[in-house]
Amino acid sequence: KNDAQVSTFENISLANLNLENGSVEVNDSSGNLSIAGGSIGANGQLKVGGQSTLNLAGDLTVAGKLNLHPHSNFNLAGNTLNAAGARLEIGGERSFDTITTNENTTLQVNSYLNLSRTDSGTSTIGNLELIMLDGDSGSNSLEIENMNLVVGGTATLDGKQITINSGNLSFQGTPSFASSSLTVSNGEMILQSGGSFSDTSLNFTSSIFKPSGAVSLTGSSAFNLNDTSSIQLQGATTLSQSGTVLWPSIDLNGTELTLNVTEMYCCLHQTGGLTIRAGEKITTGASIFNVDNPLTIESGGTLTSGSGNVKISGDLTLDGDLVQGGGTLELKGNGSVTGKLDMSGATLALGSEYGLNITGTLAANSSSVWSGLVGTIDLSTGKLESSGGEIDLNKFTTSADTT
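The numbers in my numbering rise by one with no breaks, and the one at position 93 of the sequence shown is 74.
So, in C-alpha cells, the structure goes:
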C-alpha cells in the first residue's frame, strides 16, 4: 500500500502478494522472484528485469502493470495469469496458454515478442503498442504463431514488423501502419473498420485478407499475394491505392467493393473466374479493371464502371447488370447476356473470334461507340434500350423478334 516499493537484486519469495499501490521489482541477472499467488491492483506494478526469473506457485490477477524484459524468464508452472484490464509490457518468447486478456488489456511489446498458444486459441487485447528498449537493436517486432489475436483498441505503428504464422490477426478498430511490414503465412488478416498503410508492405502466402471499410495504401505501400492467397470481404470495402494492384482471387461475400486504384488485375488464380452474386457489387470508377479469367454476374449482381476501362480475358456470363459508364469494355472471350448491358457513352471492343449473344437488354445512346467491334453481336431475340440520338446497328444481327 501507499506506493510501497520492493526491489531486489537477489532471490525473493512472497507467500501471497496483495499489491494495491506500489511496485515489486527484480533486477539482477540471477535474481528470482517467486510468488505463491495473489493480486496486483490498478496502481501496482510488477517488473522483472533482463535474465531475471519470475516463478508463479499460484494464480495471479493483475489489474495494474506487469513488465517482463525480453530476456527474463517467466514460469507459470501450470498456474494462471489473469491480465484482464491490465497493462502487459512484455517481450521475448511467451505462451498465452494460461494468460487471460480482454478488450481492456493493453499489450506493449518490449523490443520483440513471439506469441503462441498450444491450443491454437484466441486472445483478445485492447490497444497494441510496440517500443524498442534502450540498448536493444534489431527489428521492433511482434510474431504470432498458432493462435489468433484480436486487437479491439488502437494500433498506431511506425517502423514495426508484424508476422502471423498459422493464425489470424484481427483489428476491430482502424490500424495505422507507417514504414512497416505485415507478413501473413497460412493465416488471415482481418480489418473490421478499414486501415491506413503508408510505405508499408502487406505480404500474404497461402493466406486470406479479409477487409471491411476504407483501406488506404499510400507511398510505396503494396499488396504482395502469392497464387494461393485470396481476398474475402467482411463488409463493404473501399480500396484506395496508387499504382497497380494484383489480387489473385476475390470473394465479395455478399457485399460491395469500390476501387480507387490506378489499375487492378484480379482473379487469375480463382477457380471458375470472378463471380458477382445477387446483392454483390463492384464499382470501379476511373480505375482500370482487368479480370484475367471468366466473369459471371448473376441476377441481382452488378459491375459498374466510370471512365475506366474494363477488360475481361475470358467468357462473360451476364445475368445481372454491367454498366460501362465510360471508357472501353473489352471482351477477350464469348459473351452471353440475359440481364442488362449498359453501354451508354462507352466503347465496346470485341475480337473477331468472339461473339456476344444478347437475349436480355442492351442499353445504348448516340455516344455509344462500336469502332472496336470486330466479332458478332446477336440481338435477334434481345431488347435494345435507347436513350435517344442515332445508334449505328450495322454491326448487329437483329430480327423481327428484336425489341
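Glycine included, C-beta positions come from ideal geometry on N, C-alpha and C.
With contacts defined by Cβ atoms closer than 9 Å, Val291 and Ile269 form a contacting pair. At a Cβ-Cβ threshold of 9 Å, Asn(-8) and Ser15 count as neighbours. Residue burial is scored here from C-beta neighbours: Ser118 has fewer than 16 other C-beta atoms within 10 angstroms and is therefore classed as exposed. Its chain contains Leu360 and Ser361 as the residues whose beta carbon lies nearer than 7 Å to that of Thr379, once the 5 sequence neighbours on both sides are disregarded; these appear in chain order.
With contacts defined by Cβ atoms closer than 9 Å, Thr298 and Thr277 form a contacting pair. Burial is judged here by how many other beta carbons sit within 10 angstroms of a residue's own beta carbon; Val226 has at least 16 and is buried.
Taking the Cα of Leu37 as reference, the smallest distance to any Cα among Asn108, Asn338, Leu27 and Ser294 is reached at Leu27. Between the C-alpha atoms of Thr209 and Leu69 there is a straight-line separation of about 36 Å. Within the same chain, and ignoring the five residues on either side of Gln213 in sequence, the residues whose Cβ sits closer than 6 Å to its Cβ are Ile189, Lys191, Asp232 and Asn234. Distances from the CA of Ile339 to each of Lys364, Asp373 and Asn346 were compared; the closest alpha carbon is that of Lys364. Assigned with DSSP and collapsed to three states, Pro51 falls in coil, not helix or strand. Contact check for Pro275 and Gly254: beta-carbon distance about 3 Å, within the 8 Å limit, so the pair qualifies.
Judged by beta-carbon spacing, Ile145 lies beyond the 9 Å limit of Gln215, meaning their Cβ atoms are not closer than that value. When Asp139, Phe185, Gly12 and Ala217 are compared, the shortest CA-CA separation from Ser120 is found for Asp139. Put simply, of Ala195, Ser161 and Gly194 the residue whose alpha carbon is nearest the alpha carbon of Ser182 is Ser161. The DSSP assignment places no complete run of the alpha helix (DSSP H) inside the stretch 293 to 328 (cut-off: 4 residues). The Cβ atoms of Glu261 and Glu244 do not sit closer than 9 Å to each other. Of the residues assessed, Glu6 falls on the buried side of the cut-off, its CB having 16 or more other CB atoms within 10 angstroms. In this structure, the alpha-carbon of Ser202 lies about 7 Å from that of Phe178.
Take the alpha-carbon of Asp40 and the one of Glu74: they are about 21 Å apart. A check of alpha carbon separations from Val132 across Gly176, Ala58 and Thr99 identifies Gly176 as the nearest. In the three-state DSSP reduction, Arg258 falls in the coil class, being neither helix nor strand.
The residues Thr186, in chain order, have a CB closer than 6 Å to that of Asn207 in the same chain once the five nearest residues on each side in sequence are set aside. The beta carbon of Thr383 is closer than 8 Å to those of Leu360, Ser361, Thr362, Gly363, Lys364 and Leu365 in its chain, skipping five residues each way along the sequence. When C-alpha distances from Leu88 are compared across Ile71, Phe77 and Asp78, the shortest belongs to Ile71.
Taking every protein chain shown into account, the CB of Asp373 has fewer than 16 other CB atoms within 10 angstroms, so this residue is exposed.
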